[in-house]
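Undergrad: Residue numbers (mature numbering (1 follows the signal peptide of the UniProt record, and there is no 0)): -26 to -1, 1 to 159.
Heads up, the beta-carbon is just placed ideally off N, CA and C, and yes, glycines get one too.
Remember, it's a predicted structure, so these values are computed and weren't measured experimentally.
Dropping the structure in here first, questions after.
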């Protein structure tokens, strides 16, 4: 007597296959940078609560960027608990930073965080801001946290809009409990 398979019914198999395919497609989609709709940066530097940490920020300038730039480049990044690090200007106009195809490294101080998820450029979140006429183009930005083995990397590749915080927000949405515990820190 032939034994029938004991797997799930065909309809359930189709549903599971469709879910798996959509999940794989979502994972394969490359995140694109976007303008920050509501980023408020404490440009005065503010007082730090708790410990100060030092982050290493590496920025690779695209080979499609102008040879040199006088654009002012700022970076802001943070974590899901609203620990934000901000550097008003990473270069000086005569420093030769951000030349075409170069990688520049900066040390930026700020509050200790728990995993960069946004970049303007900000860490898990990372945003960059460019002000000037040259049209400087970053290829990627890496933020090395003092407590993490692997840097948070954000890929750009296109010129930044002028005078707009532009980047990534990969921060998970905070739950009410996480928001309350972050406020207590």
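Let me know if residue 145 comes out buried or exposed under the rule of 16 or more other beta-carbons within 10 Å of its beta-carbon.
TA: Residue 145 should be labelled buried.
Undergrad: By the DSSP assignment, the beta strand (DSSP E) with residue 61 in it spans what residues?
TA: Counting along the chain, the beta strand (DSSP E) containing residue 61 begins and ends at 58 to 61.
Undergrad: Which one or two residues does DSSP pair with residue 50 in a beta bridge?
TA: For residue 50, which the question treats as bridged, DSSP gives the partners 60, 101.
Undergrad: Can you name the residues that DSSP bridges to residue 84?
TA: DSSP, once it has assigned bridges, lists 27 as partnering residue 84.
Undergrad: Based on DSSP bridge pairs, tell me the residues matched to residue 79.
TA: Answer is 32, bridged to residue 79.
Undergrad: Buried or exposed: which applies to residue 70, given that a residue is buried once 16 or more other Cβ atoms fall within 10 Å of its Cβ?
TA: So residue 70 ends up on the exposed side.
Undergrad: Any idea which residues DSSP pairs residue 110 with across the strands?
TA: Bridge partners of residue 110: none, in fact.
Undergrad: Taking only the alpha-carbon atoms, compute the straight-line gap between residue 120 and residue 60 and give it to the nearest angstrom.
TA: Their Cα atoms are separated by approximately 16 Å.
Undergrad: By Cβ distance below 7 Å, which residues in the same chain neighbour residue 75 in space, the five residues on each side in sequence not counted?
TA: 35, 37, listed in sequence order.
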